[in-house]
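Mapping to the numbering used here: the sequence shown position 247 is 247, numbers consecutive.
For every residue, glycine included, the Cβ atom is placed at its ideal position computed from N, Cα and C.
What follows is a short report on a single structure.
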Amino acid sequence: MRVLELERSAYDDLLRWKEQDGASSALLNGAPCTGKTHLARKFAEAEYRTHIFIDFADPPEGVIDAFEHHGHDIGELFGLLEGIYGIELRERGSAIVLDGVENYPRAWSLTKHMVEYGRYDIIATGRRLVVEARRRNLLIPSEVDHIEVRPLDFREFLRAVGEEGLLDGARERVRRMEPMGDAHPRLSELFRLYMQVGGMPEAVSEYIQSGDMAEVEKVKRGIIGRIREVLSDEPKALLAFDSVPSQLRTRSRTFMISCLGAADDFGDPDEALLRVDRESLVNMVLNSGDPGRSLFHDGSFRLYMFDTGLLHTMAAGSIPDRTMAENAAVQELVSAGRDLMYYSRPRRRRRTGMDVDLLLWENLKLSPVAVRSTGSVSHKCLGRFVTRFGRRIGPPRILYSGDMREMDGFAFLPLYLAGMLRSHPL
């Protein structure tokens with residue numbers, strides 16, 4: 001299976017970074033298998049006259065020695081790299097790509113001096129670099145633009161399958177709360193497909209080329225296997241990753257850290273959670289103990305899988321449709337740069353329990369969002385929440401399977417427009 005040339009929004013982020021004319025390096029962060037290496041190579045090939053691509057997972061002879069013994073003299077280091085790769089670098093017309101710098105963090109540490117040298121653009125890809133740099137007592141560069149490379153979001157998926165035109169004018173429709181009309185059934189169908197295929201480039205490429213969901217599932221299982229291999233050096237981190245589907249199956253969806261056991265020779269539970277979070281394998285959402293106090297939280301949290309398609313494969317149909325929809329909504333909102341929390345208050349004696357799926361941080365307030373997998377317009381729980389917190393919160397929305405509408409002061413939006421909630425009038 002060939003991984004296709006998929007258009008990514010992160011490419012536009014790189015173009016904006018390039019306009020700074022060498023003021024900083026670019027670091028492509030992200031989970032394994034999200035396409036960081038492919039994107040960096042494609043950008044360097046298309047946007048520069050020449051480039052050197054250094055693969056630190058398997059560097060040519062002499063590369064590590066050059067960094068180790070000549071890192072103090074960046075001009076000399078670049079000259080050695082030109083000789084090793086047989087490529088002439090052009091001032092302000094060339095880029096150096098440092099791929100997989102988690103395998104050699106010293107290279108990332110030296111990007112500070114490479115940027116100061118000023119002649120070439122520096123692009124790095126990697127994971128958990130700050131952790132590795134601190135562990136090895138290396139300089140953490142500050143002149144860095146961090147660009148997160150996530151799985152394809154729904155708009156990128158539509159572009160890949162040739163259906164992006166269906167979202168033409170969608171942001172303006174959301175702003176005016178106008179129904180999507182004739183496009184709604186097809187968009188709903190494609191979003192269900194997106195939830196199953198997911199946004200991992202290899203899975204999307206397989207779907208486009210074969211249309212065979214059995215083959216897509218095989219590709220996704222391979223990706224899950226590679227992720228598990230990345231985590232294999234920390235058993236409790238691997239357990240945390242594997243536990244996400246079962247934790248989301250529970251009614252509360254609250255992640256119970258007790259499932260990881262106590263700190264022992266296999267690791268520390270808190271460190272394990274930090275590991276899967278830093279690897280960008282989960283989207284962690286905190287429980288707001290008091291939405292009126294904005295970013296206050298009570299210490300409990302939910303872990304959503306970073307790619308809904310992988311969750312679909314790992315869960316093998318055992319997770320309720322509503323929770324799958326919730327995971328997809330979180331994925332879309334995180335991709336759109338939204339800060340999320342949720343609200344959950346258990347029922348105690350005469351006190352009624354209350355659960356709001358998501359809270360969006362906007363205009364110094366938290367706005368409640370309910371997520372549905374059906375077209376139900378019932379909003380009793382959300383209504384109680386609005387009554388309780390009133391003007392201390394932002395406007396309430398409901399993501400569901402129906403078309404856009406407003407009713408009783410609530411905005412109802414199709415689930416496939418989750419990433420556009422920022423366009424709703426506040």
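Closer than 7 Å to chain B by CB, residue i
i             : result
aspartate 277 : Going by chain labels, chain B is absent from the structure shown, which holds only one protein chain.
Range covered by the beta strand (DSSP E) that runs through residue i
i              : result
isoleucine 398 : 397 to 400
glutamate 5    : First-last for glutamate 5: undefined, no H or E at that position.
leucine 28     : 25 to 29
proline 60     : Careful: proline 60 lies outside any beta strand (DSSP E) and carries neither H nor E.
threonine 125  : 121 to 125
Residue j beta carbon less than 7 Å from that of residue i
i                 : j             : result
isoleucine 122    : serine 25     : yes
valine 216        : valine 197    : yes
phenylalanine 241 : leucine 248   : no
leucine 89        : tyrosine 120  : yes
leucine 110       : glycine 62    : no
leucine 80        : alanine 66    : yes
valine 371        : alanine 336   : no
aspartate 153     : glutamate 279 : no
serine 373        : aspartate 321 : yes
isoleucine 227    : proline 346   : no
tyrosine 85       : isoleucine 52 : yes
aspartate 99      : threonine 50  : no
tyrosine 117      : isoleucine 87 : no
serine 376        : glycine 394   : no
tyrosine 46       : valine 97     : Strictly speaking, residue 46 in this sequence is alanine, with tyrosine absent from that position. For alanine 46 and valine 97, no; Cβs fall outside 7 Å.
Alpha-carbon to alpha-carbon, residue j and residue i
i              : j                 : result
methionine 404 : leucine 359       : 20 Å
serine 142     : lysine 42         : 25 Å
threonine 323  : glutamine 20      : 42 Å
glycine 35     : threonine 387     : 45 Å
lysine 225     : phenylalanine 389 : In the sequence as displayed, the identity of residue 225 is glycine instead of lysine. Going from the Cα of glycine 225 to the Cα of phenylalanine 389 covers about 45 Å.
histidine 424  : proline 414       : At histidine 424 the pLDDT is 44, less than 50, meaning the model places this residue with poor confidence; the figure from the coordinates comes in the next sentence. Whole-angstrom Cα-Cα distance: 13 Å.
leucine 340    : glycine 83        : 49 Å
methionine 200 : leucine 28        : 16 Å
aspartate 182  : alanine 23        : 47 Å
valine 428     : proline 396       : Missing from the structure shown is residue 428; the chain here goes from 1 to 426 and no further.
leucine 421    : glutamate 362     : 11 Å
serine 401     : glycine 162       : 22 Å
aspartate 408  : arginine 302      : 30 Å
arginine 8     : arginine 150      : 9 Å
leucine 426    : glutamine 209     : For leucine 426, the predicted model reports a pLDDT of 36, less than 50, meaning its position is unreliable and no value from the coordinates is stated.
arginine 128   : methionine 305    : 18 Å
tyrosine 48    : glycine 317       : 46 Å
arginine 186   : leucine 193       : 11 Å
glycine 211    : methionine 195    : 15 Å
glutamate 76   : arginine 92       : 17 Å
leucine 274    : methionine 114    : 30 Å
threonine 254  : serine 300        : 7 Å
methionine 250 : methionine 256    : The question names methionine, but residue 250 is threonine in the sequence shown. Near 10 Å, if we compare the C-alpha coordinates of methionine 256 and threonine 250.
arginine 16    : glutamate 68      : 32 Å
methionine 213 : glutamate 206     : 9 Å
glycine 222    : arginine 2        : 15 Å
glutamate 172  : leucine 417       : 12 Å
lysine 441     : aspartate 355     : Nothing in the structure corresponds to residue 441, since the chain is present only between 1 and 426.
glutamate 234  : leucine 260       : 12 Å
histidine 184  : threonine 125     : 38 Å
glutamate 164  : asparagine 327    : 22 Å
serine 188     : aspartate 55      : 41 Å
glutamate 406  : aspartate 168     : 21 Å
glycine 353    : glycine 383       : 13 Å
Proximity winner among the options, relative to residue i (alpha-carbon distances)
i                 : options                        : result
valine 101        : Arg90, Asp58, Gly93, Ile84     : Asp58
proline 245       : Glu82, Val97, Asn283, Glu332   : Asn283
leucine 286       : Asp357, Val371, Arg221         : Asp357
leucine 238       : Val334, Glu326, Gly261, Val276 : Val276
leucine 166       : Gly409, Phe191, Thr374         : Phe191
isoleucine 495    : Met420, Asp13, His379, Arg384  : Look at the range of the chain in this structure, 1 to 426, and you will see that residue 495 is not part of it.
proline 105       : Ile96, Ala95, Asp212, Arg135   : Arg135
arginine 139      : Thr125, Gly126, Lys112         : Strictly speaking, residue 139 in this sequence is leucine, with arginine absent from that position. That would be Lys112, whose Cα lies nearest to the Cα of leucine 139.
lysine 365        : Pro320, Pro291, Ser344, Gly419 : Pro291
isoleucine 398    : Ile319, Val369, Asp168         : Val369
tyrosine 343      : Asn327, Gly289, Arg384         : Gly289
phenylalanine 412 : Arg391, Leu281, Arg176, Glu156 : Arg176
glutamate 202     : Glu406, Gly375, Glu5, Phe410   : Glu5
The alpha helix (DSSP H) enclosing residue i, as first and last residue numbers
i                 : result
proline 179       : Looking at the DSSP string, proline 179 is not in any alpha helix (DSSP H), and its letter there is neither H nor E.
asparagine 327    : 321 to 335
valine 356        : No alpha helix (DSSP H) contains valine 356, which is instead part of the beta strand (DSSP E) from 354 to 362.
phenylalanine 410 : Unbroken run through phenylalanine 410 is the beta strand (DSSP E), 410 to 414; no alpha helix (DSSP H).
leucine 80        : 74 to 85
isoleucine 223    : 213 to 231
isoleucine 64     : 63 to 70
The stretch 309 to 317 / the stretch 262 to 270 touching (three or more Cβ pairs under 8 Å)
no
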